[in-house]
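Protein chains in written order, with this note's numbering: chain R, 161 to 421; chain U, 7 to 253.
Built from N, CA and C at the ideal position, the CB exists for glycine as well.
Note that the coordinates shown come from a computational prediction; the quantities given were computed from them, not determined experimentally.
Below is one structure, written out as structure tokens; comments come after it.
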């Protein structure tokens, strides 16, 4: 897989004119992730089919679609966990991005050590990694639980720890695979708030976010752009306003109306 | 009183009076099996963890062989070690035959496939469940094997206890390579076999009771470890709190 190490940051709220029809958003800057004709097969099953996708710095891209449409596979290709069967995927190096799973696994260790592990695996000394982990936990309001066994945390708390891990890594891109799918409404709100805080641009810092979701309300709140997938193909790639208000391909329209799950 | 009841009563007297012959046999037996388990675990944990995370051509054949070795008859292992350690064998120069070391080697060979195969299964399940997350954090194959083994340490502890149970209760291998020499290589299982054949049932029954007690103790330990793990993961363990060893 090719890597893009020197992509230029862009403003978070970059103006992208709505396209006249459901096609890809016109390129207006260097892409952090660039997929061209990407196919992905699991044996005889074709999970992704001819995917062309550019994601630029500061974008907040929501991947939506029915179960089995290829959202999770696409996130894994973007992260570099899966190599395309054919086509090219030029992505940020893995040490500049973080992937948050739907059900993050906590190792049988303290919360602090779980966060520090990611830093340690990327070459940071253990003592310093633990220190950074503590700072990151404070950002997700979990510093008080730093010494607790991570296995005892609730789903929402575990998701916050996973976000703290991404925060500690100071990732340029945050990929999330249905991060609030199994959470109660309160935990959902907390995680969403943290996602928003994570992508807030700071001095010299622009964070790009790509997340998959079934929750269209969440997509409206968090995304600047929506990519609709169906059977491994991109059927619509639009700014969020156009996706919810403009004309859509029939299947995407049914999905938005809730008539397709 | 029938023979069984008389034997049991005498056996209990032997146990309660801490009969020196009985204690010698029990002590040697536990020492042999503990050493064998340490050796088998050193090799079996590494092999199992490695097989749990790597993919290579011919892996299916290796796993079939490993799983077949789970059912290794102990006398066959004894015979193999005997041939290796006998004077004319390739390792005859060591002079280990009919010694403590020979029994340790035989039991280690017997138990190693058990540790390796069960460890592999635990690590494969863990890899399937969260190996992808560790890869996303940057863990390579070796580090993943290490982390998954560490993460599953309580499950592995039960495997190690079960392996000890297998070692301490086998008779064929230690009989062949140890020779059942009194005060030197006589362990619980070989002593039971000998005393029964001689008709000295009280000692055989006493050893049988001790052996059963050891196995019972091991199973109780396994149950306690499992219960403690479940309680710990549920945040309830207060009565036996272990330190966070990664701290």
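- Inclusion of residue 228(R) and residue 393(R) in the CB contact set at 9 Å is not warranted, their separation being larger than that value.
- Taking C-beta atoms as the reference points, residue 310(R) and residue 318(R) count as a pair closer than 9 Å.
- By the neighbour-count definition (other C-beta atoms within 10 Å, threshold 16), residue 417(R) is an exposed residue.
- Judged by DSSP secondary structure, residue 127(U) falls within the alpha helix (DSSP H) whose first and last residues are 106–142.
- Within the same chain, 150 come within 8 Å of residue 141(U) by CB-CB distance, once the 5 residues on both sides are set aside.
- Within the region 236–256 of chain R, the residues whose Cβ lies closer than 9 Å to any Cβ of chain U are, in chain order, 236, 239, 240, 241, 254 and 255.
- Excluding the 5 residues flanking it on each side, residue 420(R) has same chain C-beta neighbours closer than 8 Å at 226, 411 and 414, in chain order.
- The beta carbon of residue 239(U) sits closer than 9 Å to some beta carbon of chain R.
- The C-beta of residue 312(R) comes closer than 9 Å to at least one C-beta of chain U.
- Not flagged as an interface residue toward chain R: residue 113(U), since no C-beta distance is shorter than 9 Å.
- Taking CB atoms only, residue 331(R) has no neighbour in chain U less than 9 Å away.
- For the C-beta of residue 278(R), the chain U residues within less than 7 Å are, from N- to C-terminus, 143.
- For a cut-off of 8 Å, the C-beta gap from residue 350(R) to residue 316(R) is around 6 Å, short enough to register as a contact.
- Distance from the CA atom of residue 191(R) to the CA atom of residue 254(R), rounded to whole angstroms, is 15 Å.
- Relative to residue 354(R), the option among 375(R), 322(R), 366(R) and 364(R) whose CA is nearest is 322(R).
- Non-local C-beta neighbours of residue 293(R) in its own chain, meaning closer than 6 Å and more than five positions away in sequence, comprise 272, 275, 276 and 328, ordered along the chain.
- Leaving aside the five residues that flank residue 95(U) on each side, the residues in its chain whose CB is nearer than 6 Å to its CB run, in chain order, 89.
- Excluding residues up to 5 positions away in sequence, 386 and 396 lie with their Cβ nearer than 7 Å to the Cβ of residue 403(R) in the same chain.
- Listed by position along chain R, the residues whose Cβ is nearer than 9 Å to that of residue 135(U) are 265.
- Residue 99(U) counts as exposed, since fewer than 16 other beta carbons sit within 10 angstroms of its beta carbon.
- Secondary structure note for residue 181(U): its alpha helix (DSSP H) is the uninterrupted segment 178–184.
- For the region 258–333 of chain R, the continuous alpha helix (DSSP H) assignments of 4+ residues that do not extend past its boundaries occur at 271–281, 286–299 and 315–328, in sequence order.
- The Cβ-Cβ distance between residue 223(R) and residue 259(R) does not fall below 9 Å.
- Shown here for residue 313(R): same chain residues with a beta carbon closer than 8 Å to its own, the five before and five after excluded, namely 266, 271, 305 and 321 in chain order.
- In the structure shown, the three-state DSSP call for residue 388(R) is strand.
- Ranked by Cα distance from residue 137(U), the options 69(U), 55(U) and 173(U) are led by 55(U).
- Contacts with chain R at 9 Å (Cβ-Cβ) include residue 139(U).
- Per DSSP, residue 22(U) is one residue of the alpha helix (DSSP H) stretching across 9–22.
- Rounded to whole angstroms, the separation of the alpha carbons of residue 226(U) and residue 35(U) is 20 Å.
- The beta carbon of residue 82(U) lies closer than 7 Å to none in the same chain, with the five residues before and after it left out.
- Residue 345(R) sits in a helix when the DSSP states are folded into three classes.
- At a cut-off of 9 Å between beta carbons, residue 234(U) makes no contact with chain R.
- Of 195(R), 219(R) and 298(R), the smallest CA-CA separation from residue 400(R) is found for 219(R).
- Residue 245(R) and residue 154(U) have their C-alpha atoms some 28 Å from each other.
- Your pair residue 76(U) and residue 125(U) does not check out as a contact, with CB atoms roughly 12 Å apart and the cut at 8 Å.
- Taking C-beta separations shorter than 7 Å and ignoring five residues to either side along the sequence, the partners of residue 289(R) in its chain run 276, 279 and 280, following chain order.
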